[in-house]
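So the sequence shown is numbered by this note's numbering: it starts at 318 and just counts up by one.
Glycine included, each C-beta is placed from N, C-alpha and C at the ideal position.
Predicted model only: the values in this text are computed from it and were never measured.
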Amino acid sequence: MNLVLSVTDGILLDRSAARITVTTSQGAHTLLPRHADVAMVLVPGLMRIVDLDGEETFVAVHHGVLVKTGSTVRIASDRAVVAGTLADATEAVRVALQERDRRERQTRAALRRLEADLFRRIGALESAS
Numbered sequence: 318m319n320l321v322l323s324v325t326d327g328i329l330l331d332r333s334a335a336r337i338t339v340t341t342s343q344g345a346h347t348l349l350p351r352h353a354d355v356a357m358v359l360v361p362g363l364m365r366i367v368d369l370d371g372e373e374t375f376v377a378v379h380h381g382v383l384v385k386t387g388s389t390v391r392i393a394s395d396r397a398v399v400a401g402t403l404a405d406a407t408e409a410v411r412v413a414l415q416e417r418d419r420r421e422r423q424t425r426a427a428l429r430r431l432e433a434d435l436f437r438r439i440g441a442l443e444s445a446s
């Protein structure tokens with residue numbers, strides 16, 4: 318099978334695979350080359366890719382959609398991190414979550430500054446009238 322994993326920035330993976338295991342709301346599903354065509358909604362989890370030589374690669378996938386047609390599996394995800402081995406996957410997910418938390422803190426701080434400025438300006442308008 319050929320696996321194409323796309324994220325918002327472009328194509329993250331384009332490779333051959335003997336087996337792909339993904340996580341959906343109904344549980345884990347493994348796709349093999351001769352499986353019927355299918356479409357699935359992916360939930361956050363680890364995707365396991367076994368290549369033709371039996372080597373495993375893990376990818377942390379946020380939400381996404383998988384479509385298998387013929388020998389091609391296409392996955393579109395808003396966020397994904399190629400982690401490599403299972404041990405690397407844990408670290409990659411931890412780092413990605415820390416980065417997301419940092420960005421959320423920055424966003425909340427910017428929002429607080431905007432709110433404070435808005436209240437300050439409303440106060441100045443009320444004082445002027």
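For residue j and residue i, the rounded distance between their alpha carbons
i      : j      : result
Ala445 : Ile439 : 10 Å
Ser287 : Thr424 : What is shown of the chain runs 318 to 446, which leaves residue 287 out entirely.
Arg420 : Arg336 : 35 Å
Val358 : Ala433 : 41 Å
Thr347 : Val355 : 12 Å
Arg429 : Leu435 : 10 Å
Glu373 : Gln343 : 23 Å
Thr376 : Ile366 : Per the sequence shown, residue 376 should be read as Val rather than Thr. For Val376 and Ile366, the distance between alpha carbons rounds to 8 Å.
Arg332 : Val382 : 18 Å
Leu403 : Ala427 : 37 Å
Ser388 : Pro350 : 6 Å
Beta carbon of residue i nearer than 8 Å to that of residue j
i      : j      : result
Val378 : Ala397 : yes
Met364 : Thr338 : yes
Val321 : Thr340 : no
Rounded Cβ spacing between residue i and residue j (contact assumed at less than 8 Å)
i      : j      : result
Leu329 : Val399 : 6 Å
Runs of 3 residues minimum, wholly inside the stretch 358 to 400: which ones carry the beta strand (DSSP E) assignment? Within the stretch 358 to 400, the complete beta strand (DSSP E) segments at least 3 residues long are 362 to 367, 373 to 378, 381 to 386, 389 to 394, listed from N- to C-terminus.
Can at least three beta-carbon pairs, one atom from the stretch 386 to 394 and one from the stretch 407 to 423, be found at a separation below 8 Å? Taking one beta carbon from each stretch, the stretch 386 to 394 and the stretch 407 to 423 have fewer than 3 pairs nearer than 8 Å; the two do not touch.
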